[in-house]
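Engineer: To start, I am sharing the structure in question, which I have written as structure tokens.
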Amino acid sequence: MFELSQDHEDFRKAVRDFAASEIEPHVAQWDKEKHFPTELVGRMGELGLFGLVVPEEYGGSAEVADGTVQSDFTALCVAIEELGYVDQSIGITLSAGVGLGINPILSFGDEEQKQTYLPDLVAGRALAGFGLTEPEAGSDAGGTRTKAVRDGDDWVINGAKSFITNSGTDITSVVTVTAKTSEGEDGRPQISAIMVPSGTDGFTVEPPYDKLGWHISDTHGLTFEDCRVPVGNLLGEEGSGFRQFLKTLDDGRIAISALALGLTRRMLDLATDYASTREAFGRPIGANQGVAFQVSDLAVMAETSRVLTYKAAWLKDEHDRGRRSMKDVKHAAAIAKLYTSEAAVSATRIATQIFGGNGFMEEYPVARFYRDAKILEIGEGTSEVQRMVIARHLGLPS
Amino acid sequence: MNIVVCVKYVPDAQSERAFTEDNTTDREGVDGLLSELDEYAIEEALKIAEAGEGEVTVLTVGPDDAAEAVKKALQMGADKGVHILDEAIAGSDAPATSLVLAEAIKKIGSPDLVLTGMASTDGTMSVVPAMLAERLGLPQVTFASELTVEGEGVKIRRDGDSSTETIESSLPALVSVTDQINEPRYPSFKGIMAAKKKPVETWGLSDLGVDAGQVGQANAWTAVLETTKRPPREQGEVVADEGDGGTKLAEFLAAQKFV
Ligand SMILES: Cc1cc2nc3c(=O)[nH]c(=O)nc-3n(C[C@H](O)[C@H](O)[C@H](O)COP(=O)(O)OP(=O)(O)OC[C@H]3O[C@@H](n4cnc5c(N)ncnc54)[C@H](O)[C@@H]3O)c2cc1C
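Chains as they are written, first to last, in our numbering: chain A, 357 to 754; chain B, 382 to 640.
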């Protein structure tokens, strides 16, 4: 119950080796140059990382033709954790690539849409994004202003999206965007998800943002001006966009917890090492309780993050096997995301403090993680939004 | 093409390696793993098998934990495994190890190709492949940094200090490969699950018809009398550049026989 299977642990070892050899040696440089390593995405694809929740018929390893389940969402969390331990930007590239890029198409697409996009996405030859957030609609994602109007056999899209991960890489093939398509009988807007292939006329990928962290990750604003896509690009049914993205976000929150867990574990390891070797006043700084207790706190944060993340991931897998309700998953996901992301921010603060002046220097990886941590409390629902979800589950008045 | 890849389970080179009281490598105190240099041989075998038809068998001689090396090779994609496990083998030298490997390969069948790494990351003697080829009566083609199967034979490239050789051999043959030959794959989740269903045989010396008196530490041709820990690295020497930095550097390198 409190350990993952031997298969998951063997897989962890493979991802750990991969990250140590293929990512760690380059990551400081990539971060400094804000370089997105397209080639690495291909190698991650070869290792099967993008196919962990995708059935074999689209190139994944989640389910084979005879119906036996192989890899699962827990395996994806293991991969994100281990990549995140080495670098957060690479971890989010996988997390968003699967959770926001592949998932909506896999869950809501028809057979033709799946056959068109999934094989390349799973192989790491392509990436997809999911555009929900807008300049005027973030936490309140239902407030989408982007509009899509039916014109003959096309949807004509107008509007803008903000902060869309993986939307502008050399290999981005498609971005799924939410847009108002009509008004329901109750007068509320009907939100639908529509796939917009990269390079479509009227679809502009704005220059990359200047970000505090996640320098290696690809993030752009998107604008749509009379952008036309065929009606067949609608994902699922018209008006189901709101429900679709809520489902997408639940998985995403657990994935972010795994990313945060990787970070906190790294802070624990780096701080333990430094506190044991760095000397001041004639002895290792870790010999002072003031420092040692902080390292102990890091261990508690890492362990708590681990338990919350994998409990939520297990519930999600159990849900997929028809044994748990989505309500349970939602609640566990919100708790895990809230705790692990806030712990990650605290962990980087503690670790940089233990590193003293060196902690402020980019020469030491703690500085990069310090910059990277903050977004964990914001993306895929802010900490406040998680608290709202939890309060709702508890039945508090709203 | 049937390929046997010989692999070794070694102490992790990244950890604090040590010797036991009888001056053999301590295989208990540190974590072990499949010798990284053997991963290149596995990868090469998989590439050959994937390009045509064939079966890849991994073979290891080692203690209980050495099953981990076989497991990793199967996770990478090898088809089956053979683990030679016998307490009498502990402490064997290279001639004895090559004897056990040779008898195991005969029992597996007559492969078209035997592949090995260029050395193990613990012993680093690089002699087992040659001894093994001799015992099997196979052509030995060592230190291949490129390998192609052509018709009934193989062609390899061997990079020397001053020249590059291209060597051809008929099959069957034994080839040892270097770490320049390819980039070994990492096991995927699919590979990890598939490995669980692959057959692994465990044989003892009696299965191979090898007498315990031919192997083990007591029968080794050589013995390690003493081991001493390498002294900690000394402080580096700073060469101050007073206009003659280049000359001083060259002198230093020449004195240390680096150039
Ligand atoms: C690097 C990066 C990558 C991203 N990638 C993607 C992506 O791929 N796709 C995508 O669609 N989005 C993406 N986002 C957007 C992200 O999900 C949003 O930024 C986030 O949901 C918050 O929305 P907002 O920025 O509009 O903040 P706002 O909603 O304006 O919130 C501002 C503040 O007010 C608080 N707040 C708002 N409402 C309440 C309330 N009712 N009660 C209490 N507090 C409240 C919030 O918690 C927050 O602290 C990304 C963002 C970043 C920074």
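For each residue, glycine too, the CB sits at the ideal point set by N, CA and C.
#1: Starting from the beta carbon of A:Phe-711, find every residue of chain B whose beta carbon is closer than 8 Å, and list them in chain order.
#2: Spatial neighbours of A:Leu-477 within its chain, please: C-beta separation below 8 Å, excluding the five flanking residues on both sides.
#3: Could you tell me whether any non-hydrogen atom of ligand 1 is closer than 8 Å to the CB of B:Val-640?
#4: Listing by chain order, which chain B residues have their CB less than 7 Å from the CB of A:Ser-427?
#5: Pull up the DSSP beta-bridge partners for A:Gly-515, would you.
#6: Is DSSP giving A:Asp-466 helix, strand or coil here?
#7: Measure the alpha-carbon distance for B:Pro-646 versus A:Glu-380 and round it to whole angstroms.
#8: May I ask whether a heavy atom of ligand 1 can be found less than 8 Å away from the beta carbon of A:Lys-693?
#9: For A:Asp-673 and A:Gly-440, I'd like the C-alpha separation in whole angstroms.
#10: Sort B:Pro-565, B:Leu-496, B:Ile-429, B:Val-439 by Cα distance to B:Val-522 and report the nearest one.
#11: Who's in the neighbourhood of ligand 1, going by beta-carbon under 5 Å from any heavy atom, listed in chain order?
#12: Counting only the same chain and skipping the five closest in sequence on each side, list residues whose C-beta sits under 6 Å from that of A:Ala-375.
#13: Name the residue from A:Thr-537, A:Ser-573, A:Gln-742 whose alpha carbon lies nearest to the alpha carbon of A:Thr-449.
#14: For my contact list, A:Lys-686 and A:Asp-606 are in at a C-beta cut-off of 8 Å; report their separation, rounded to the angstrom.
#15: With distance defined between alpha-carbon atoms, name the residue in B:Ala-636, B:Asp-412, B:Ala-426 nearest to B:Leu-555.
#16: DSSP state of A:Asn-644, grouped into three classes?
#17: Does chain B have any CB closer than 9 Å to the CB of A:Ala-614?
#18: Going by the C-beta, is B:Thr-441 closer than 8 Å to any heavy atom of ligand 3?
#19: Using only the alpha-carbon positions, how far apart do A:Pro-721 and A:Val-383 sit?
#20: If we cut at 9 Å on Cβ distances, does B:Gln-456 have a partner in chain A?
#21: Quick one, which residues of the region 359-388 of chain A are near chain B if we go by CB-CB under 7 Å, in chain order?
#22: Measure the Cβ-Cβ separation of A:Met-623 and A:Ala-648 and say whether it is below 9 Å.
#23: Within this structure, are the beta carbons of B:Ile-423 and B:Gly-443 separated by less than 9 Å?
#24: Excluding sequence positions up to five away, which residues of its chain have a Cβ less than 8 Å from the Cβ of B:Thr-502?
#25: Check whether the region 395-404 of chain B touches the region 450-461 of chain B, counting contact only when three or more Cβ pairs, one atom from each stretch, lie closer than 8 Å.
#26: Please confirm whether A:Phe-598 and A:Val-552 have their CB atoms less than 9 Å apart.
#27: Does any residue of chain B bring its CB to less than 9 Å from the CB of A:Ser-632?
#28: Hey, quick one: how far does the alpha helix (DSSP H) through A:Trp-386 stretch, first residue to last?
#29: So the candidates are A:Phe-358, A:Leu-488, A:Tyr-695, A:Asp-373; which of them puts its Cα closest to the Cα of A:Arg-743?
#30: Using a Cβ-Cβ cut-off of 9 Å, state whether B:Arg-614 counts as contacting chain A.
#31: Smallest Cα separation from A:Ser-697: which of A:Phe-464, A:Glu-718, A:Glu-736?
#32: Establish whether the CB of B:Lys-578 and some CB of chain A are separated by less than 9 Å.
#33: Between the Cα of B:Glu-582 and the Cα atoms of B:Asn-383, B:Asp-407, B:Ala-447, which residue gives the shortest distance?
#34: List the residues that DSSP assigns as beta-bridge partners of A:Gln-444.
#35: In chain order, which beta strand (DSSP E) runs of at least 3 residues are fully inside the region 447-510 of chain B?
#36: In chain B, which residues lie less than 8 Å from A:Ser-417 when you measure between Cβ atoms?
Structural biologist: On the basis of the coordinates in this document:
#1: Those do not exist, as A:Phe-711 stays about 23 Å from chain B at its closest Cβ, beyond 8 Å.
#2: Correct list, in chain order: Phe-406, Gly-453, Gly-457, Ile-458, Ile-461, Leu-483, Ala-484, Ser-529.
#3: No, ligand 1 has no heavy atom inside 8 Å of this Cβ.
#4: Ordered by position in chain B, the residues that pass the 7 Å Cβ test against A:Ser-427 are Phe-570.
#5: The secondary-structure analysis by DSSP pairs A:Gly-515 across a beta bridge with A:Phe-580.
#6: In this structure, DSSP gives A:Asp-466 a state outside helix and strand, which the three-state scheme calls coil.
#7: Look at the range of chain B in this structure, 382 to 640, and you will see that residue 646 of chain B is not part of it.
#8: No, the beta carbon of A:Lys-693 sits no closer than 8 Å to any heavy atom of ligand 1.
#9: Just so you know, the alpha carbons of A:Asp-673 and A:Gly-440 end up roughly 21 Å apart.
#10: Among B:Pro-565, B:Leu-496, B:Ile-429, B:Val-439, the Cα nearest to that of B:Val-522 is on B:Leu-496.
#11: Answer in sequence order: A:Leu-488, A:Thr-489, A:Gly-494, A:Ser-495, A:Phe-519, A:Ile-520, A:Thr-521, A:Thr-575, A:Gly-735, A:Thr-738, A:Glu-740.
#12: Excluding sequence neighbours, A:Ala-375 sits near Glu-438, Leu-439, Val-442.
#13: Of the candidates A:Thr-537, A:Ser-573, A:Gln-742, the one whose C-alpha sits nearest the C-alpha of A:Thr-449 is A:Ser-573.
#14: Confirmed, about 5 Å.
#15: With distances taken between Cα atoms, B:Leu-555 lies closest to B:Ala-426.
#16: The three-state reading of DSSP puts A:Asn-644 in coil, since its state is none of H, G, I, E or B.
#17: Contact of A:Ala-614 with chain B is not assigned, every C-beta pair being separated by 9 Å or more.
#18: Ligands displayed in this structure: ligand 1; ligand 3 is not among them.
#19: If you take the alpha carbons of A:Pro-721 and A:Val-383, they lie about 10 Å apart.
#20: Yes, its Cβ sits closer than 9 Å to a Cβ of chain A.
#21: Flagged, chain order: Asp-363, Asp-366, Phe-367, Ala-370, Asp-373, Phe-374.
#22: No, Cβ-Cβ distance for A:Met-623 and A:Ala-648 is not below 9 Å.
#23: Taking 9 Å as the cut-off, the Cβ atoms of B:Ile-423 and B:Gly-443 do not count as close.
#24: Val-391, Ala-394, Ser-416, Glu-417, Leu-418.
#25: Two segments are said to touch when three or more pairs of C-beta atoms, one from each, lie closer than 8 Å; by this definition the region 395-404 of chain B does not touch the region 450-461 of chain B.
#26: Cβ distance not < 9 Å, so A:Phe-598 and A:Val-552 don't count as in contact.
#27: So no, A:Ser-632 is outside the interface.
#28: Where A:Trp-386 is concerned, the enclosing alpha helix (DSSP H) stretches over 380-389.
#29: Among A:Phe-358, A:Leu-488, A:Tyr-695, A:Asp-373, the Cα nearest to that of A:Arg-743 belongs to A:Tyr-695.
#30: By this cut-off, B:Arg-614 is not an interface position.
#31: A:Ser-697 has its Cα closest to that of A:Glu-736, out of A:Phe-464, A:Glu-718, A:Glu-736.
#32: Cβ-Cβ to chain A under 9 Å: no for B:Lys-578.
#33: The option with the nearest alpha carbon to B:Glu-582 is B:Ala-447.
#34: In the DSSP secondary-structure assignment, A:Gln-444 is not bridged to any residue.
#35: As far as the region 447-510 of chain B is concerned, its whole beta strand (DSSP E) runs of at least 3 residues are 461-465, 494-498.
#36: At a beta-carbon threshold of 8 Å, the residues of chain B lying near A:Ser-417 are Ser-569, Phe-570, Lys-571, Met-574, ordered along the chain.
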